[in-house]
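Below: the structure, in structure tokens.
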């Protein structure tokens, strides 16, 4: 999610890091370590204030929420949401996560 003042074209896919308000990553089997380890470091270095990581757990979406802690220059955990995600920042959101199905089957 970016600030509206930087959008020049509805097809635009690249934005300056300082315009990004929220980065969201949906973790796939091929991106687990990248999304858990590499991406938070990159977002923190770029000064992106909010990062949500969506993972699959028992057929449901689980959202890990992080915020940039400027004093330490790193993303810190705000919470892990499994059934309901209610936040005020970066914008008010109240989601029933049980209504979101991942469509993936559990591996054994």
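Numbering (full-length UniProt numbering), first residue to last: 1 to 108.
Beta carbons are placed, not taken as given, at the ideal position from N, Cα and C, and that holds for glycine.
message: Let me confirm a value: residue 20 is counted as buried when at least 16 other C-beta atoms fall within 10 Å, else exposed. Which label applies?
response: Reading the chain shown from its first residue, position 20 is the one you call residue 20. Looking at its Cβ environment, which holds 16 or more other Cβ atoms inside 10 Å, residue 20 is buried.
message: Could you tell me the alpha carbon to alpha carbon distance between residue 18 and residue 26, rounded to whole angstroms?
response: Here residue 18 refers to the residue found at position 18 when the chain shown is read from its first residue. Here residue 26 refers to the residue found at position 26 when the chain shown is read from its first residue. Distance between the alpha carbons of residue 18 and residue 26: 22 Å.
field: Where residue 35 falls, given that 16 or more other Cβ within 10 Å makes a residue buried
entry: As a working mapping, residue 35 is identified with position 35 in the chain shown. Residue 35 should be labelled buried.
message: Between which two residues does the beta strand (DSSP E) holding residue 61 run?
response: Stepping through the chain shown from its first residue, residue 61 is reached at position 61. That run of the beta strand (DSSP E) goes 60-69.
Classification of residue 53 by the beta-carbon crowding that lies within 10 angstroms, buried from 16 upward: Reading the chain shown from its first residue, position 53 is the one you call residue 53. By the C-beta density criterion, residue 53 is buried, having at least 16 other C-beta atoms within 10 angstroms.
message: Tell me which residue opens and which closes the alpha helix (DSSP H) that residue 46 is part of.
response: Numbered from 1 along the chain shown, position 46 holds the residue referred to as residue 46. From DSSP, the alpha helix (DSSP H) with residue 46 extends over 39-46.
query: DSSP state of residue 35, grouped into three classes?
result: On the chain shown, position 35 is the one that residue 35 refers to. Three-state result, residue 35: helix.
query: What residue from 51, 72, 73, 70 has the CA that sits closest to residue 91's CA?
result: Here the question's residue 91 lines up with position 91 in the chain shown. If we check each option's Cα against that of residue 91, 51 comes out closest.
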